[in-house]
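Trainee: The opening residue of the sequence shown carries number 1 in UniProt numbering; numbering runs sequentially from there. This is the structure I have questions about; it appears just below.
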Amino acid sequence: MSAVAPVQNEVAYDALSSFLERLSCIGTAEAMDTLAASELTFTQFRALFVVAMHDAPIPVHEIAHRVDLSIATAGRTVDRLVQAGLVDRREDPGDRRVKLVTMTDAGRVAVEKQLDIKRELVGRFIDGLPDEFRAALTSALRDIVDADVDYFDLGRRTTSAAPSTTDLKAKASS
């Protein structure tokens, strides 16, 4: 591996980080207004999206893992979502200690509403790009998404392409 690779990785990291930060800021006010109007906490909304991403019932402990909560906190979060009518919770017929969570129609509507806002905002961003940028971005993203390798499975990697915390601190102080 050449000495250029770490520099190229840092440049790529900086470019992608800047892009994602700016993209995530598009319509943040609209998204937060929708979240506030729903009277859900951010954690409850995250848990709702985890449930929405599963076609099959998902155990509370899996929600806890994916949202980075204790099982007790995840259970209370699910309780609030049940009270709001956004999810259903039932015992696992194979193990009554396990509680399985599924979306309700109202939960699907809430998630779809948030996704519609996101789609509209991303669409406005894409529509505003010059044709050559749009084509290059589409090509690069298609190559990543359609690859035989799952680049989103970060667990498969033995080293990180991102700069270390030490690298980032050194850069910030310079």
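Each residue gets a CB set at the ideal place from its N, CA and C atoms; glycine is no exception.
#1: Just tell me which of Asp105, Leu121, Leu129 and Ala5 has its CA closest to the CA of alanine 52.
#2: CB-CB under 6 Å to leucine 137, same chain, minus the five flanking residues each way: which ones, in chain order?
#3: Where DSSP assigns a beta bridge to arginine 96, which residues make up the other side?
#4: Can you tell me whether DSSP reads isoleucine 58 as helix, strand or coil?
#5: Of the choices Gly123, Ala84 and Pro57, whose alpha-carbon is the least far from that of glutamine 44?
#6: Which of the three DSSP states is assigned to threonine 104 in this structure?
#7: What residues in its chain sit with their C-beta under 6 Å from that of aspartate 92, if we drop five residues either side in the sequence?
#8: Can you pull the DSSP bridge partners for aspartate 88?
Mentor: In brief:
#1: Residue 52 sits at position 52 when you count from the first residue of the sequence shown. Here the closest residue by C-alpha is Asp105.
#2: Along the sequence shown, one-based indexing puts residue 137 at 137. Closer than 6 Å at Cβ, skipping near neighbours: no residue.
#3: As a first step, residue 96 must be located in the sequence shown, where it is residue number 96. DSSP, once it has assigned bridges, lists no residue as partnering arginine 96.
#4: The sequence position of residue 58 within the sequence shown is 58, counting from 1. The answer is strand: DSSP assigns isoleucine 58 an E or B state.
#5: Position 44 of the sequence shown, counted from the first residue, corresponds to residue 44. If we check each option's Cα against that of glutamine 44, Ala84 comes out closest.
#6: Position 104 of the sequence shown holds residue 104. Of the three classes helix, strand and coil, the one that applies to threonine 104 here is coil, per DSSP.
#7: Position 92 of the sequence shown, counting from 1, holds the residue named residue 92. The residues are Val98 and Leu100.
#8: Looking up residue 88 in the sequence shown gives position 88. The partner list for aspartate 88 (beta bridge, DSSP) reads Thr102.
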